[in-house]
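In the working numbering, the protein residues as written are 645 to 928. Comments concern the structure below.
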């Protein structure tokens, strides 16, 4: 009852906020914030998978697109992290106990990857739109392929069959994936969440837990990088003022969707959206 009341109040506040400033040219970014946060927190992907294409279509510079996406995700991914961590505490499945261990393994190396890019001033290998398009296509296709091969297996995941341990291969792979994901995130504002969720799902971990890990890592990662963008004065504050509150509302909605949708449908939704975003960006 309290959750429903909180959701209703949050939506009411957001609608009032939107209507109050509806004459402002940046008001529609409130809805973009909601959409990005719903997708990000229901799938584990960073909200940049929605924000970057939108900003590029609107003529926002590459630097401002990434910086503003970082800042918006500080609102949405943080709210989503709180919701997922609260959900984890109430889960009876023993495999959910792996959540803090997985976060502990991944987070330091994701942050390290981001800071390496900023510290070395490593520029993106190509244009932002081109790199984003290829990244999205590869991730989308990879998820569709794994879903095709593992659909039956995922249907069987239950309290007894979900992967309940982290072996040495997982530790080594997650360290490398997190480091690379951090580098990509510094360039695109997305990357580490998708990589981690993809790997954990492929390895047979519970999909909702994989999403929770990805959301928490993504949230901490954008906080680790947003200070750089503030110092460099790259954030588009007019957009953030409206998209930030929208992202909070979207994050609250997202966790409800992710815990109620069948896992196969959730995974397919994730894959198709990412693939579509990449193809649209590539051929537009």
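All residues carry an ideal CB built from backbone N, CA and C; glycine is no exception.
Notebook entry, point to check: Sorted by chain position, which residues of the same chain lie with C-beta nearer than 7 Å to residue 804's C-beta, five sequence neighbours on each side aside?
Noted result: For the purposes of this step, residue 804 is taken as the residue at position 160 of the chain shown. Residue placement at residue 804 is flagged as unreliable, the pLDDT there being 47, under the threshold of 50; the coordinate-derived value follows with that caveat. Cβ within range, chain order: n/a, list empty.
Note to self: Among the candidates 690, 733, 674 and 823, whose CA atom is the shortest distance from the CA of residue 721?
What the structure shows: Position 77 of the chain shown, counted from the first residue, corresponds to residue 721. Closest option to residue 721, Cα to Cα, is 690.
Checklist line | Runs of alpha helix (DSSP H) lying entirely within the stretch 871-905, each at least 4 residues, in chain order | finding: 881-904
Next item on the list: Please determine, among 814, 830, 723 and 700, the residue with the shortest C-alpha to C-alpha distance to residue 681.
Entry: Start at 1 with the first residue of the chain shown, and residue 681 comes out as number 37. Among 814, 830, 723 and 700, the Cα nearest to that of residue 681 is on 723.
Margin query: Count Cβ pairs between the stretch 783-790 and the stretch 881-897 that sit closer than 8 Å; are there 3 or more?
Written below: no
Check: If we count the other Cβ atoms within 10 Å of its Cβ and call it buried at 16 or more, is residue 771 buried or exposed?
Finding: Translated into the one-based positions of the chain shown, residue 771 becomes position 127. Exposed: under 16 other Cβ atoms inside 10 Å.
Next item on the list: Sort 838, 768, 767 and 885 by Cα distance to residue 919 and report the nearest one.
Entry: Working through the chain shown from its first residue, we reach residue 919 at position 275. The shortest Cα separation from residue 919 among 838, 768, 767 and 885 belongs to 838.
Next item on the list: Assign residue 802 to one of two classes, buried (16 or more other C-beta atoms within 10 Å of its C-beta) or exposed (fewer than that).
Entry: The residue you call residue 802 lines up with position 158 of the chain shown. Here residue 802 scores only 47 on pLDDT, less than 50, and its place in the model is too uncertain to base an answer on.
Notebook entry, point to check: Can at least three beta-carbon pairs, one atom from the stretch 700-707 and one from the stretch 725-743, be found at a separation below 8 Å?
Noted result: no
Note to self: Within 10 Å of its beta-carbon, does residue 925 have 16 or more other beta-carbons around it, so buried, or fewer, so exposed?
What the structure shows: Taking the first residue of the chain shown as position 1, residue 925 is located at position 281. So residue 925 ends up on the buried side.
Notebook entry, point to check: Do you know how far the Cα of residue 777 is from the Cα of residue 923?
Noted result: The residue you call residue 923 lines up with position 279 of the chain shown. The residue you call residue 777 lines up with position 133 of the chain shown. Going by the C-alpha atoms only, they are around 6 Å apart.
Checklist line | Cβ neighbour criterion (16 or more within 10 Å) applied to residue 683 | finding: Within the chain shown, numbered from 1, the residue matching residue 683 stands at position 39. Result: buried.
Note to self: Suppose the cutoff is 6 Å on Cβ atoms and the five residues either side in sequence are ignored; what does the same chain contact list for residue 848 look like?
What the structure shows: Position 204 of the chain shown holds residue 848. Excluding residues within five positions, the ones whose Cβ falls inside 6 Å are 807.
Note to self: Which complete alpha helix (DSSP H) runs does the stretch 728-793 hold, if anything under 4 residues is left out?
What the structure shows: 743-764
Check: Buried or exposed: residue 741, going by 16 or more other Cβ atoms within 10 Å of its Cβ?
Finding: Numbered from 1 along the chain shown, position 97 holds the residue referred to as residue 741. Exposed, because fewer than 16 other Cβ atoms sit within 10 Å of the Cβ of residue 741.
Check: From this set, 687, 700, 713 and 697, which residue's C-alpha is nearest residue 887's C-alpha?
Finding: Counting from 1 along the chain shown, the entry for residue 887 is found at position 243. The candidate whose alpha carbon is nearest that of residue 887 is 713.
Item checked: Option nearest residue 873 by Cα separation, candidates 671, 711, 692 and 701 -> Residue numbering aside, residue 873 sits at position 229 when the chain shown is read from its first letter. Residue 711 is the option with its Cα nearest to residue 873.
Next item on the list: Check each candidate in 871, 781 and 749 and name the one with the smallest Cα separation from residue 815.
Entry: What you label residue 815 is simply residue 171 of the chain shown in a count that begins at 1. The shortest C-alpha separation from residue 815 is found at 749.
Next item on the list: State the DSSP-derived secondary structure class of residue 697, mapped to helix, strand or coil.
Entry: Residue 697 sits at position 53 when you count from the first residue of the chain shown. Residue state, collapsed to three classes: helix.
Check: Three-state secondary structure (DSSP) at residue 843?
Finding: The residue given as residue 843 occupies position 199 in the chain shown. Of the three classes helix, strand and coil, the one that applies to residue 843 here is helix, per DSSP.
Check: Can you name the start and end residues of the alpha helix (DSSP H) that residue 814 belongs to?
Finding: Position 170 of the chain shown, counted from the first residue, corresponds to residue 814. Note, residue 814: alpha helix (DSSP H), 812-832.
Notebook entry, point to check: Can you tell me the Cα-Cα spacing of residue 845 and residue 832, whole angstroms?
Noted result: Position 201 of the chain shown, counted from the first residue, corresponds to residue 845. Position 188 of the chain shown, counted from the first residue, corresponds to residue 832. Taking the straight line from one Cα to the other gives about 23 Å.
Check: Grouping DSSP H, G and I as helix and E and B as strand, with all else coil, what is residue 925?
Finding: The residue given as residue 925 occupies position 281 in the chain shown. Looking at residue 925 - three-state DSSP - the assignment turns out to be helix.
Next item on the list: Kindly confirm or deny that the stretch 879-886 and the stretch 749-758 touch, where touching means at least three C-beta pairs closer than 8 Å.
Entry: no
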